[in-house]
Every structure is written in C-alpha cells, then in structure tokens.
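Q: The working numbering puts the first residue of the sequence shown at 2, with every later residue one more than the last.
Glycine included, each C-beta is placed from N, C-alpha and C at the ideal position.
Questions regarding the structure given below will be posed in turn.
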Amino acid sequence: NPPSSLAARYRRAYDGEITYLDAQLGRLFAGLKAQGVYDKTLIVLTADHGEEFCEHGGWWHGQTLYDEQLTVPLIAKAPRGGPAGVVGAAMVGSVDIAPTIIVAAGTTPPDTMVGRPLSLAGDGAAPRDHSFAESDLEGNVLQAYRSGDGWKLIEANPGNPRGLPPQQLFEVGRDPREQHDLAATDPRQAATLAALLATVENRALAAAVGGGETTAIDKATEERLRMLGYVK
C-alpha cells in the first residue's frame, strides 16, 4: 500500500476533479434550461475510463484492464415524459451508447455499428452476453473479455512494462476486486475465454478493415491528442 500522505493527496485530487465536473454539468444544465430545451433533450453521461488507486499496485489509468479502470457511470436523462428512475443491472459497453442515442432520435443505427441500442426504460433490449476491452499504452498491450456468467480474462503482452502476467482469470461474481487469479488453477476456463476473446478480436479487426473515412486534423489537435496519449 502507498504511504497514507500520498494516498490522501491523490484522493483529494480525484475528489477535486469530480467537484469541478459537477460544477460544469450544473452550468450545462442551467444553460439548457435557460434556452428552454432541457425538458426535450436526451442527456447521456459517462466516462472513458476509471482510475486506479493502488488496488493492483499502481496509480492513474491506461496500464491495466481491471474493473476499477473499466467500470464507469452510464446515466441517461430522457426528454420529459420518458422513463425516469430506472436502474439497470445488465452488462453494457460504451459501444452501445451511440446506437442508443440514434434510436432515441427516431432513426436506425447503421449495420457497421457493433453496439446495440439500450432501452432507457430498462426493458426490451436483449442482455449482452459479453464485454470486450483493449488498451495499447506505453508498451502495455492488453485485451480483456468478460462473460455474462461472471468470468473475466485479461491477456497482456509478454515483457510489458507494468509487469502483468500474460494471462489472468477472475470469477468477478465472487471476487469483484479481482484479487484471486485463477488462470493456473482453472486452465480449462481460461482457455475457453481466450478462444472467445480471439473470436471477438478477429471480428472487430474484420469490421475495421476498409471501413470508415479518413479525416485530416490540424497540428494543434494532433498535439493535444498526443498529450492525452492517443497519438504516438
């Protein structure tokens, strides 16, 4: 565990960021209300990642695929007259957000989208049977697969700077903090999820080949993306 003074410092910084974001959301909502459009606006709040506070020996984000970095809020406010107060327990992914917004706007998502629209009322949408995540940052090349029955596999490139093992297996239903790696004791389950992970990854690569459009960006935007770690 880190020194208490260091832990307190990082937690204060994190709390400060949350407070700042809360204030900015307040400004956004106030602006929408002032323009008279708040009640007819769909608002979706989420995050691109969580943060690690030494749950697995490190700080910050981007270098692991444990749940403290993958589990993020997903909050939607429907226009007036829509569902409210619904709490969903089904597994979803960030790829589901765009098709959800498209359907809410009254149109149909393109076939190229891998996500599925979610029901803002908490019903009607088929439950997702898996989720997939990947990261390639600072030499740590990672993939993760989580099944609908509560198993999760994480694979890492050999010799990664973070020192992660090539394969980790967790039964997150019983071990939500991912403290007990079962890859060595349950190799059959690990192999099953590894095959499913490979299938999902190959499907994603096939969908990406030849798809999409190329957009030029200016130098200032490129530099900002580089500072955030999205451009090497």
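Counting C-beta neighbours from all protein chains within 10 Å, is the total for S6 16 or more, i.e. buried, or is it exposed?
A: Per the 10 Å Cβ criterion, exposed.
Q: Excluding the 5 residues flanking G59 on each side, which residues of the same chain have their C-beta closer than 6 angstroms to its C-beta?
A: Cβ within range, chain order: E53.
Q: With DSSP as the reference, please indicate the residues paired to E172 in a beta bridge.
A: In DSSP, E172 forms a bridge with W152.
Q: Mind checking which residues open and close the alpha helix (DSSP H) that includes T47?
A: No alpha helix (DSSP H) holds T47; the beta strand (DSSP E) holding it covers 44 to 47.
Q: Tell me which residues share the same chain as E156 and place their Cβ nearer than 6 angstroms to its Cβ, disregarding the 5 neighbours each side in the sequence.
A: Closer than 6 angstroms at Cβ, skipping near neighbours: Q144, Q168.
Q: At the level of alpha carbons, what is the spacing between V142 and L165?
A: Straight-line Cα distance between these residues: approximately 10 angstroms.
Q: Using C-beta distances below 6 angstroms, list every residue in its chain close to V201, excluding the 5 sequence neighbours before and after it, in chain order.
A: Taken in chain order, the residues that qualify are F133.
Q: I think T72 touches G51, with their Cβ atoms under 8 angstroms apart; what is that distance to the nearest whole Å?
A: The pair is a contact, with the Cβ atoms about 6 angstroms apart (cut-off 8 angstroms).
Q: For F54, write down the residues that DSSP places opposite it in a beta bridge.
A: F54 is bridged to W60.
Q: Would you report the Cα separation of T47 and A77, rounded to the nearest angstrom?
A: Their Cα atoms are separated by approximately 9 angstroms.
Q: Rounded to whole angstroms, what's the CA-CA distance from A90 to V173? Just pull it up for me.
A: So the two alpha carbons sit approximately 15 angstroms from each other.
Q: Should Y146 and L198 be called a contact, given that it needs their Cβ atoms to be closer than 7 angstroms?
A: Cβ distance < 7 angstroms, so Y146 and L198 count as in contact.
Q: Using a 10 Å radius around the Cβ and a threshold of 16 neighbouring Cβ atoms, would you call Q70 buried or exposed?
A: The residue in question, Q70, is buried, as its Cβ has 16 or more Cβ neighbours within 10 Å.
Q: From the DSSP secondary-structure annotation, give me the bridge partner or partners of I98.
A: BP columns for I98 are empty, so no partner.
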